[in-house]
Amino acid sequence: MCIICIDLAKGVLTGKDARRHLGEMRGKLGAHASEVQAKIEEAEQVPPAAPSTAKP
Ligand SMILES: [Zn+2]
């Protein structure tokens with residue numbers, strides 16, 4: 070668990086911002102970087118507050 074995970078869990082970090090943070094922190098995160106990457110991808114697959122009937 071790191072600041073990126075915490076902010077993703079809170080929903081205050083977008084996937085794009087999280088990726089930028091990950092790039093900056095990758096060296097410090099070590100093996101945890103791959104977990105963060107997975108969390109970012111998960112967060113990007115589920116957009117917040119997406120209407121269920123938003124098909125054009
Ligand atoms: Zn973390």
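Those letters in the sequence shown? Residues 70 to 125, by the numbering used here. C-beta: ideal position from N, C-alpha, C; glycine also.
Span separating the alpha-carbon of residue i from that of residue j
i	j	result
Ala86	Cys74	According to the sequence as given, residue 86 is Asp; it is not Ala. Computed Cα separation, rounded: 12 Å.
Glu110	Lys97	20 Å
Pro125	Lys108	29 Å
Ala112	Thr83	8 Å
Arg95	Lys79	21 Å
Cys71	Leu77	10 Å
His90	Gln106	11 Å
Assigned secondary structure, residue i (DSSP; H/G/I helix, E/B strand, else coil)
i	result
Met94	helix
Ala100	coil
Gly80	coil
Cys71	coil
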